[in-house]
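Take a look at the structure set out below.
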């Protein structure tokens, strides 16, 4: 049995230790980790409609050969031996001859001048070719005489007067990718006009009409060669190729998500022209194992106007260890005071907690020691291209401990300080995607089809957090053309 004095001393020491332990415990904040939230699926929203331009070479030599066949379109228009009469009874005769037709630049309406004077004027009949067209032209030599012999144009020493015979062929694609063409207009464009009486203008109009109508009929027969052509097999090859995922890296894939096909028109000079189709897509880049590809039949040609823009969307993962190092580097050593109390940050880290929630852990020492947890939702600032933590707040367990043991931290501006400092730069992720986008759009898909694209800009447009990484969603702007071999 202890002496009375020893017993008293033991009680005193026990009381002192208890009081000291209470004091130490009151200065330590160590809440548990926030409970993990249920997983939320991160679906990549496809980009806006993007156009993949695919020029397909179309050889119109058969049409041009038919246009130069004298059995379809004469090379000489000889009415010099006998007089003809206009509806008003005026007598006239004419002779004209042409060279072989050649194909001019195709694609857009050419500007044709009109002389409203007394010369053999241009005559387009007020018809503008709808949509795409191909044009042919040839040199024309002519002379005109009247009875009585008051006016002679291009006869004798004046032979020949010169003109250009122009034909415009409206051309397009049917819903099933067959070529469809029709003669839109014929015109005689004089290059060496005669000076004639105004009273004779109806004669010259009659000659003009006879020439253009005669050629128009022959061209209608020549155009049948175009209407027998189709580009369906070439379009189908492109369609089936673009349905498949395109591997960019061992774990990166380009999914074009093609939906429709539109027609951009014809262009080029010569019998071989480019018929440009546009495959409408909503491209994304995904990471991981090869995604499945689903076959889809070639759709009918869409009638909406074509465009030239091309966008790709991708989610770039940013690992939490790298983000934590950057955050700790910014916050370590920061001192925060409130009246006579202070803390100094010793470490900082960030991780995903499921459900698109981020958790920030701040470790500190000073008048209070331990750590606290903040939670919030990542938000992309598209102007600064940075990620902020929206709705940042203490988690519930941290809040209870602070209110109990260190309400001066809870009630101060410490949360606002962390909110302002917890800004995550996404430059490395955007730079990686820029390189990936450029590489993705410039490669061979197979031995006959290759992609040639440009990336004008890449911008972060969204962000998503899961337990594995913080995903930065970026979209590129640019253009994409496909080169198809062997389509003539």
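In our numbering, the protein residues as written are 2 to 489.
Cβ coordinates follow ideal geometry from the N, Cα and C atoms, glycine included.
query                                                                                                                                                                    : result
Closer than 6 Å by C-beta to residue 174: which residues in its own chain qualify, once you throw out the five before and the five after it? Chain order, please.        : 264 and 302
In this structure, how does DSSP classify residue 260 when only helix, strand and coil are distinguished?                                                                : strand
Taking Cβ to Cβ, would you say residue 180 is nearer than 8 Å to residue 227?                                                                                            : yes
Nearest to residue 446 by alpha carbon, out of 79, 255 and 375?                                                                                                          : 255
Expressed to the nearest angstrom, what Euclidean distance is found between the alpha-carbon atoms of residue 49 and residue 312?                                        : 7 Å
Quick check: what's the CA-CA separation for residue 234 versus residue 148?                                                                                             : 59 Å
Determine the closest residue to residue 320 out of 472, 165, 77 and 367, with distance taken between C-alpha atoms.                                                     : 472
To test your reading of the DSSP string, which unbroken alpha helix (DSSP H) runs of 4 or more residues are found completely within the segment 406-467?                 : 408-411, 415-422 and 428-441
Would you call residue 423 buried or exposed, if buried means 16 or more other Cβ atoms sit within 10 Å of its Cβ?                                                       : buried
What is the C-beta distance between residue 245 and residue 260, in whole angstroms, given that I count them as a contact (C-beta under 8 Å)?                            : Contact doesn't hold; Cβ gap of about 15 Å is too wide.
Out of 425, 251 and 38, which one is the CA nearest neighbour of residue 468?                                                                                            : 38
Please list, in chain order, all residues of the same chain as residue 307 whose beta carbon is under 6 Å from its beta carbon, the five residues on each side excluded. : 263, 265 and 279
Note the first and the last residue of the continuous beta strand (DSSP E) segment covering residue 51.                                                                  : 51-60
Starting from residue 135, trace the beta strand (DSSP E) in both directions and tell me its first and last residue.                                                     : 134-148
Using the C-alpha atoms, what's the distance from residue 402 back to residue 334?                                                                                       : 23 Å
Out of 59, 91, 391 and 443, which one is the CA nearest neighbour of residue 421?                                                                                        : 391
Taking a contact to mean a Cβ-Cβ separation below 8 Å, would you say residue 35 touches residue 287 in this structure?                                                   : no
Any contact between the segment 345-352 and the segment 360-372? By contact I mean 3 or more CB pairs, one from each, below 8 Å.                                         : yes
Between the Cα of residue 328 and the Cα atoms of 168, 432 and 425, which residue gives the shortest distance?                                                           : 425
Alpha carbon to alpha carbon, how far is residue 276 from residue 135? Give it in angstroms, no decimals.                                                                : 11 Å
Counting pairs of beta carbons, one from the segment 380-398 and one from the segment 434-453, are three or more of them closer than 8 Å?                                : no
Comparing C-alpha positions only, which one of 374, 382, 194 and 62 sits nearest to residue 163?                                                                         : 194
Tell me the rounded alpha-carbon separation between residue 274 and residue 52.                                                                                          : 20 Å
Between the alpha carbons of residue 58 and residue 377, how many angstroms are there, rounded?                                                                          : 56 Å
Tell me which residues share the same chain as residue 239 and place their Cβ nearer than 7 Å to its Cβ, disregarding the 5 neighbours each side in the sequence.        : 55, 280, 450, 483 and 485
On the CB-based measure, 16 or more other CB atoms within 10 Å of its CB, does residue 453 come out buried or exposed?                                                   : exposed
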